[in-house]
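Let me begin by presenting the structure, written as C-alpha cells, before commenting on it.
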Amino acid sequence: MRMQKFIVFLIFCFLVVKEGEPFLISKPEEKARKYLKLSLEEYKKAIKKDPNNYEIIEEYRKILESTIGKTEAKVELALIFKEINLQPKFYELLLDISLTDRKNALFYIEKRIEKSLDIREKINLYYIATELSPQNPVYWYNLGKLLIGINKEEEGIFALEKAYNYNFKEIQLFYYLSLYEFNRGNYKKAKEYIQQGIKISDDISLHKILLKIYLLENNKQMANKEKEKIRNLIAMEKGKIEIEKVKEIPKEEKIVGLNPYYFIGVSKDEQKLYIVSFNGYNFKIIKQFNCTTGKEKGDKEKTGDNRTPEGAYLLTSKIEPPNLPSKYGIAAFPLNYPNPIDIRLNKKGDGIWLHSTPIERPPYNSEGCVVVNDNDMKEIMEYINVGKTFIYITKDKNFINFSEIKEIKEIVENWKKAWESKDIEQYIKFYDEEFLTNGKNKKEWKTYKEKINKNKKYIKIELSDIQILPYGNNQLGKLAIAFFNQNYASNNFSSKVKKILYFVKRNGTWKIIYEQTL
12 MRMQKFIVFL
22 IFCFLVVKEG
32 EPFLISKPEE
42 KARKYLKLSL
52 EEYKKAIKKD
62 PNNYEIIEEY
72 RKILESTIGK
82 TEAKVELALI
92 FKEINLQPKF
102 YELLLDISLT
112 DRKNALFYIE
122 KRIEKSLDIR
132 EKINLYYIAT
142 ELSPQNPVYW
152 YNLGKLLIGI
162 NKEEEGIFAL
172 EKAYNYNFKE
182 IQLFYYLSLY
192 EFNRGNYKKA
202 KEYIQQGIKI
212 SDDISLHKIL
222 LKIYLLENNK
232 QMANKEKEKI
242 RNLIAMEKGK
252 IEIEKVKEIP
262 KEEKIVGLNP
272 YYFIGVSKDE
282 QKLYIVSFNG
292 YNFKIIKQFN
302 CTTGKEKGDK
312 EKTGDNRTPE
322 GAYLLTSKIE
332 PPNLPSKYGI
342 AAFPLNYPNP
352 IDIRLNKKGD
362 GIWLHSTPIE
372 RPPYNSEGCV
382 VVNDNDMKEI
392 MEYINVGKTF
402 IYITKDKNFI
412 NFSEIKEIKE
422 IVENWKKAWE
432 SKDIEQYIKF
442 YDEEFLTNGK
452 NKKEWKTYKE
462 KINKNKKYIK
472 IELSDIQILP
482 YGNNQLGKLA
492 IAFFNQNYAS
502 NNFSSKVKKI
512 LYFVKRNGTW
522 KIIYEQTL
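Next comes the structure, spelled out in C-alpha cells:
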C-alpha cells in the first residue's frame, strides 16, 4: 500500500510542475502520458545508478506492467540490464521470458526496434532477440550490420557469420564477409563468399573485390576477365541512364548549349536525398532516398560542430574498400568542403563525405556527412561522375523551383564573348563589387587582365558540358554556380581546365563573386 501511494505521489509531482510549466497547458490525458513517460525515464536512471535496489526495480516493473504488459515489462528490464552489462540479471530475465511468453516477447521486440531511433538501443534489442531465438538468421544479420555501422567490425562479422550458418542469403551479407576475409588475407575464403554472392546477384562490388584478389595473386588472365565483367556491368547501368536522358528531353523547349546532366539534392528538413536531372529545360526529381545528416541542425560553421554544410559541392573522388573502413559501407565520395565561398565566410572543418553504411541510420545521426544505406548507394552512385557531379545540400527542397538556369547560361555566354573581345570594360561588368579570387579583388583582377591582354593578338574560348546549379542563400546573398570545361587558346598560350563560376544576385542581375579553376 505504501509503495502504491509513493508511485501516485511521484507521478503527481511530475504532473504538477516540470521546468516551470503550468499544469493546464494541454489536455489532461496528454499531460498524464507525457509525465508518466518522464517518470519511467527517471526510474531507468535510478536503476542504472543502483541496480541492486530491488524496491526501485519492483516499482518500475509494476508501473510498466500496468501500462504495457507483463512480458513487455520484462523485456524493458532486460534491456536496462543489457545496457549496464549486468549479465546475471539479464540472463535470469531471458530465461523467465523463454519459459513463459517468448513469442509475444519477440513480437514486442520487433515493434520496439521498428520505432527506435537509437542505434545502440536497437543493437541491445537484437541481442535480446538472438538470445530468445538463436536460430533466426534475420536477427543475426541485422545485428551484424548495426555493429559494423558503429565500427564494431569483429562483433559484426561474428553475427553475420551466424546468419550465414543459418542459411541466410543476402548480397550484402556476402559482401561484408568477403571484404573481411580479403582484409585478413584469406583470399580463398573471400572467393568462396564472392562466388556464392554472385549466384544471387551479379554485383559490381563483389566483382571489384574479386579483381583485387586476382591482381594480388598475379593471376592476370582472371584479372582481365574480371575487368571486362566490371566494364560490362557499368556499361549496362550507364546504358539505362542514357535511355532515361533521351526520354526526358522535350526538344522543343531545350535550352541551347545545355546538355542533360544530373546532380544530387539533399533536403535536411526532410532527411531525403534526391537524384535530380536537368532535362534540357528545367530540373526534375527522378529518384529519392532516405538519408541522414548532422546531429545538429543548421549550416556548418566550425570543426566538430556535427553540422552538415549547406551549398553546392563537387564530389571530388571516390573511396572504396579495402581503403575504406567497413562502417562507411561500400563507397564514400569526399566533398570539396570548404569551397571558396565557405573560406570567404570563415567556415572551418573538413572530411565531409557522401558515404554509405550497412545500416538504416535514424534522421540527424551523422557527424556532418550525408549518409545513405548500402543498397541505396549502389543505385545513387550510378549517377555520380567523380570530378563532375555536384551535391546541393539545403535546408528545404528549394532546388526544384530554381528557374534561372537560362538566365545564368546567357550570362556565361556573354561573359565568354566579352573575354574573347578583349574589351576589359565590358568584361569586368560581369563581376560583383565584392569579387575576390586568389587574393585579387575586382580592381586588381581588372588590372591583372589588362596586363595579360596587351600581349594577346586573339583569344578563343570554347565552353562545354555546362552545368547550372543553385547554391542557396547566405551572408553574401542568393548564390548559384556554373561549372564547365574551358578550352582556352590564344597566340601565346593555351589550356584546358574545369572551372566554377560562383554567382551572386544583385538588383535582379547575376554577378560573378568568385572564379575557381580546378
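Using our numbering, read the sequence shown as starting at 12 and increasing by one per residue. Think of the CB as a built atom: it goes at the ideal place given N, C-alpha and C, for glycine as much as any other residue.
Checklist line | Under the three-state DSSP convention, the category S414 falls into | finding: coil
Item checked: Y198 - containing alpha helix (DSSP H), residue span -> Y198 to I211
Next item on the list: Thinking I404 and V382 are a contact (beta carbons under 8 angstroms), I'd like their distance in whole angstroms, please.
Entry: In fact, because the Cβ distance is near 12 angstroms, the residues do not count as touching under 8 angstroms.
Next item on the list: For R131, name the three-state secondary structure that DSSP assigns.
Entry: helix
Item checked: Exposure label - I36; buried when at least 16 CB within 10 Å -> Only weak support exists for where I36 lies, its pLDDT of 47 falling under 50; the value from the coordinates is given anyway. Counting Cβ neighbours within 10 Å, I36 comes out exposed, since fewer than 16 surround it.
Notebook entry, point to check: Per DSSP, what kind of secondary structure is Q478 in: helix, strand or coil?
Noted result: strand
Check: Skipping 5 residues on each side, what residues in its chain have a beta carbon closer than 6 angstroms to that of E30?
Finding: Confidence at E30 is low in this model, with a pLDDT of 43, below 50, so its placement is unreliable and the value that follows should be read with caution. Answer for E30: no residue qualifies.
Check: V277: which of V86, K38 and I286 sits nearest, CA to CA?
Finding: I286
Item checked: Coarse secondary structure for F34, derived from DSSP in three states -> Interpretation of F34 is limited by its pLDDT of 45, a score under 50 that renders its predicted location unreliable; the figure taken from the coordinates is listed afterwards. Three-state DSSP puts F34 in coil, outside helix and strand.
Notebook entry, point to check: Distance, Cα to Cα, Y375 vs S367?
Noted result: 15 angstroms
Next item on the list: Going by DSSP, name the residue or residues bridged to Y285.
Entry: G276 and Q299
Margin query: Looking only at its chain, what residues have a beta carbon closer than 6 angstroms to the beta carbon of F494, apart from the 5 residues adjacent to it on each side?
Written below: Q478 and I511
Next item on the list: Could you name the residues that DSSP lists as bridge partners for W521?
Entry: K516
Notebook entry, point to check: Just checking, does the stretch 122-141 make contact with the stretch 295-313 on the three C-beta pairs under 8 angstroms criterion?
Noted result: no
Next item on the list: Within the same chain, show all residues whose beta-carbon is closer than 6 angstroms to that of T528, passing over the 5 residues directly before and after it, in chain order.
Entry: V508 and K510
Check: Should the stretch 329-349 be called in touch with the stretch 451-469, which here means at least 3 C-beta pairs below 8 angstroms?
Finding: no
Notebook entry, point to check: Helix, strand or coil: how does DSSP classify V381 here?
Noted result: strand
Margin query: Quick check on K510: does DSSP put it in helix, strand or coil?
Written below: strand
Check: With DSSP run on the structure shown, which of helix, strand or coil describes T111?
Finding: helix
Margin query: Could you compute how far the alpha carbon of G362 sits from the alpha carbon of I68?
Written below: 45 angstroms
Checklist line | Nonlocal neighbours in the same chain, by C-beta distance under 6 angstroms from K236, ignoring five residues either side | finding: none
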